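Q: For the record, in the sequence shown the residue sitting at position 105 is 105 according to my numbering, with numbers rising by one throughout.
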Amino acid sequence: MTQQWIDRVSKEIIVETARQLISIPSVSGDEYEVMQFVKSWLNERGISYVETANDPKRPNIIATIGNSSAGPLIAMNGHLDVVPISDAAMWMTDPFEGVVSEDGTTLYGRGASDMKSSVGVMLTMLDLFKDASLRGALTVHIVSDEETGAVYGTKYVVGEIEAGRLPRPDYVIVGEGSLFKIRIAERGGLAVRVHFKGRASHTAAARVTGINALQKAAKGILALEHHIDTFHPAVGYPVLSVNGITAGIAANVVPGEAVIDIDRRTVPGETVESVIADIRAKLDPIAAEDSDFVYELEYDPGQYTVANMTSADSPLVTALQSAVRQVRGQEPEFFVEWAGITDARLYRGIGIDTVIMGPGGENEHGANESIPTEELFTLGKIYAATISELLLS
Ligand SMILES: [Zn+2]
Numbered sequence: 001m002t003q004q005w006i007d008r009v010s011k012e013i014i015v016e017t018a019r020q021l022i023s024i025p026s027v028s029g030d031e032y033e034v035m036q037f038v039k040s041w042l043n044e045r046g047i048s049y050v051e052t053a054n055d056p057k058r059p060n061i062i063a064t065i066g067n068s069s070a071g072p073l074i075a076m077n078g079h080l081d082v083v084p085i086s087d088a089a090m091w092m093t094d095p096f097e098g099v100v101s102e103d104g105t106t107l108y109g110r111g112a113s114d115m116k117s118s119v120g121v122m123l124t125m126l127d128l129f130k131d132a133s134l135r136g137a138l139t140v141h142i143v144s145d146e147e148t149g150a151v152y153g154t155k156y157v158v159g160e161i162e163a164g165r166l167p168r169p170d171y172v173i174v175g176e177g178s179l180f181k182i183r184i185a186e187r188g189g190l191a192v193r194v195h196f197k198g199r200a201s202h203t204a205a206a207r208v209t210g211i212n213a214l215q216k217a218a219k220g221i222l223a224l225e226h227h228i229d230t231f232h233p234a235v236g237y238p239v240l241s242v243n244g245i246t247a248g249i250a251a252n253v254v255p256g257e258a259v260i261d262i263d264r265r266t267v268p269g270e271t272v273e274s275v276i277a278d279i280r281a282k283l284d285p286i287a288a289e290d291s292d293f294v295y296e297l298e299y300d301p302g303q304y305t306v307a308n309m310t311s312a313d314s315p316l317v318t319a320l321q322s323a324v325r326q327v328r329g330q331e332p333e334f335f336v337e338w339a340g341i342t343d344a345r346l347y348r349g350i351g352i353d354t355v356i357m358g359p360g361g362e363n364e365h366g367a368n369e370s371i372p373t374e375e376l377f378t379l380g381k382i383y384a385a386t387i388s389e390l391l392l393s
């Protein structure tokens, strides 16, 4: 049964759909036009959808086939916003034109890897299964605003689900890159700002009345920037990275304050309190030796993202495992090392089993972003096998 559906997946249709999505520019904030394309693509194929938006200029499309009163509702989530072009001179093709290499092996363009191509694969699944007698329903959440905070995208969609205005999925598959691993967990995150206090003065008096806050910040950064050696099998190591510094008002004034921004990624078991205690444990010994080393921490516990995980026993995970075995002929892994935070957290946050299953791809967020077309074909086959497993067996 499942094999029949795998055999019906068309590489050509997948690559063409992905190419068309890439060929419509949609940097975050500018998703309107690509969503109009999605609507006409669905209309042409008689697939029904609703549009839901926090801002009508940044809509989300919820397209559905099947009958959710007859069985589970499987959702697939993908974002159509992309990051802006950097290193424009390095691109070998027009970033806002989907270009297939002459030998047909690679699709280039912004969003090829992150993640318009996966959305293309998801759309073709709706078309593939629309006439099947599904025991349940398949819905695709095509969202805006993943790269810049999700307030107009998945956060809004999840809010609508919570409010009962959109049907609540039983399972969600997010199509971000996962190297075909079944990614069941991701790190959390907390932003922490450290204010180092000094005393501003004339440069000439720097060694007399000045206390250079920038020098204190430098000591702090060197103490904080280290590998954290506590491995968690589902998400790997925690990460602390100092990603910003602000100090100095003029070249002839000793800075009286310096501020650094820490991005701290957490693993299951860590809390806001434990993260803050770890930071203090790095900085306090410096203060004990240097009475001019004075700092304050600023953070908002309300903005803390908890590390989150779906049980490996979930029927969604089991279905994906058998799909990967069948399509790739190998045992799927769970753990994706050094992977980032995704919209999966938002569905897990309301208690829905959620897994990331996506391709590899190259140069996400960089120049010459691309995806091997064979990977998109493989992803289509894995999705088809999973849908068949959950809605047709
Ligand atoms: Zn992405």
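Even for Gly, the Cβ is constructed at its ideal location relative to N, Cα and C. Every value quoted in this text rests on a predicted model; they were computed, and no experiment measured them.
1) Pull up the DSSP beta-bridge partners for glutamate 16, would you.
2) Could you check whether threonine 154 and asparagine 77 sit closer than 8 angstroms to each other, using their CB atoms as the reference points?
3) Using beta carbons (cut-off 8 angstroms, strictly below), is phenylalanine 96 in contact with chain B?
4) Which residues, in chain order, sit with a beta-carbon under 7 angstroms away from any heavy atom of ligand 1?
5) Does glycine 328 come out as helix, strand or coil in the three-state DSSP assignment?
6) Check whether the region 41-56 and the region 109-129 are in contact - that is, three or more C-beta pairs closer than 8 angstroms.
7) Under the DSSP definition of a beta bridge, which residues are partnered with glycine 66?
8) So does the region 378-392 actually touch the region 311-325, counting three or more Cβ pairs closer than 8 angstroms?
9) With a CB to CB cut of under 6 angstroms and the five nearest residues on each side skipped, what residues in its chain are close to arginine 168?
10) Report yes or no: do three or more beta-carbon pairs, one from the region 228-240 and one from the region 255-269, lie closer than 8 angstroms?
11) For lysine 282, collect the residues of the same chain with a Cβ closer than 7 angstroms to its Cβ; drop the 5 residues on either side in sequence, then sort them by chain order.
12) Determine, using beta carbons only, whether serine 23 and glutamate 97 come nearer to each other than 8 angstroms.
13) In the DSSP assignment, find the alpha helix (DSSP H) that holds methionine 357 and state where it starts and stops.
14) For asparagine 252, count the other beta carbons within 10 Å of its own beta carbon; 16 or more makes it buried, fewer makes it exposed. Which is it?
15) Comparing alpha-carbon positions, which option in Glu298, Thr342, Gly66 and Trp338 lies nearest aspartate 131?
16) Please state whether the Cβ-Cβ distance between glycine 175 and serine 133 is less than 8 angstroms.
17) Mapping the DSSP letters down to three states, classify methionine 90 as helix, strand or coil.
18) Please say whether phenylalanine 180 and valine 15 have beta carbons closer to each other than 8 angstroms?
19) Isoleucine 173 lies in the beta strand (DSSP E); which residues open and close that run?
20) On the DSSP bridge assignment, give the partners of threonine 266 in chain order.
21) Decide if the region 26-39 is in contact with the region 138-145; the criterion is three or more beta carbon pairs, one per stretch, under 8 angstroms apart.
22) So which of Val38, Ser68 and Gly71 has the shortest CA-CA distance to asparagine 60?
23) To the nearest angstrom, how far is it from the Cα of glycine 1 to the Cα of valine 327?
24) At a cut of 8 angstroms, does the region 303-315 reach the region 368-387 through at least three beta carbon pairs?
25) In whole angstroms, what separates the C-alpha of proline 255 from that of lysine 219?
26) What residues are listed by DSSP as bridge partners for asparagine 60?
27) One question on the structure: do glycine 188 and serine 201 come within less than 8 angstroms of each other, judged by their Cβ atoms?
28) Is aspartate 127 helix, strand or coil by DSSP?
29) Exposed or buried, what is methionine 357 when buried is set at 16 or more other beta-carbons lying within 10 Å of its beta-carbon?
30) Secondary structure at glutamate 162, three-state DSSP: helix, strand or coil?
31) Considering Cα atoms alone, identify which of Arg345, Val83, Val336 and Pro56 is closest to phenylalanine 231.
32) Express the C-alpha separation of leucine 21 and serine 28 in angstroms, rounding to a whole number.
33) Asparagine 243 to serine 69, Cα distance in whole Å?
34) Could you tell me the distance, in whole angstroms, from the CA atom of glutamate 51 to the CA atom of arginine 19?
35) Using the Cβ count rule (16 or more neighbours within 10 Å means buried), how would you classify isoleucine 249?
A: Taking the structure as given:
1) DSSP lists no partner for glutamate 16.
2) Going by C-beta atoms, asparagine 77 is nearer than 8 angstroms to threonine 154.
3) Of the protein chains in this structure there is only one, and it is not chain B.
4) Neighbourhood of ligand 1, defined by CB distance below 7 angstroms to any of its heavy atoms: His79, Asp114, Met115, Glu146, Glu147, Glu176 and Thr342, in chain order.
5) Going by the sequence as given, residue 328 is arginine instead of glycine. Arginine 328 falls in the helix class under three-state DSSP.
6) For the pair of segments examined, the region 41-56 was found to touch the region 109-129: the number of CB pairs separated by less than 8 angstroms reaches three.
7) Per DSSP, Ala137.
8) Yes: the two stretches touch, three or more of their Cβ pairs being nearer than 8 angstroms.
9) Cβ within range, chain order: Ile161.
10) Yes: the two stretches touch, three or more of their Cβ pairs being nearer than 8 angstroms.
11) Correct list, in chain order: Ala223 and Leu224.
12) Contact flag set, yes.
13) Where methionine 357 is concerned, there is no enclosing alpha helix (DSSP H), because DSSP gives it neither an H nor an E.
14) Counting Cβ neighbours within 10 Å, asparagine 252 comes out exposed, since fewer than 16 surround it.
15) Closest option to aspartate 131, Cα to Cα, is Gly66.
16) The answer is no: Cβ separation not under 8 angstroms.
17) In the structure shown, the three-state DSSP call for methionine 90 is helix.
18) No, the pair does not count as a contact, with Cβ atoms beyond the cut-off.
19) Where isoleucine 173 is concerned, the enclosing beta strand (DSSP E) starts and stops at 171-174.
20) Assignment of beta-bridge partners to threonine 266 by DSSP yields Gly188.
21) Output reads yes: the region 138-145 touches the region 26-39.
22) Per the Cα distances, Val38.
23) According to the sequence as given, residue 1 is methionine; it is not glycine. The C-alpha of methionine 1 lies about 14 angstroms from the C-alpha of valine 327.
24) Segments in contact, no.
25) Note on geometry: alpha-carbon atoms of proline 255 and lysine 219 lie some 15 angstroms from one another.
26) Answer is Thr52.
27) No, Cβ-Cβ distance for glycine 188 and serine 201 is not below 8 angstroms.
28) Three-state DSSP puts aspartate 127 in a helix.
29) Looking at its Cβ environment, which holds 16 or more other Cβ atoms inside 10 Å, methionine 357 is buried.
30) Per DSSP, reduced to three states, the secondary structure at glutamate 162 is helical.
31) When each option's Cα is compared against that of phenylalanine 231, the closest is Val336.
32) Roughly 14 angstroms separates the two Cα atoms.
33) Using only the alpha carbons, I get a separation of about 48 angstroms.
34) Separation of glutamate 51 and arginine 19 (C-alpha to C-alpha, rounded to the nearest whole angstrom) is 23 angstroms.
35) With fewer than 16 neighbouring CB atoms inside 10 Å of its own CB, isoleucine 249 falls in the exposed class.
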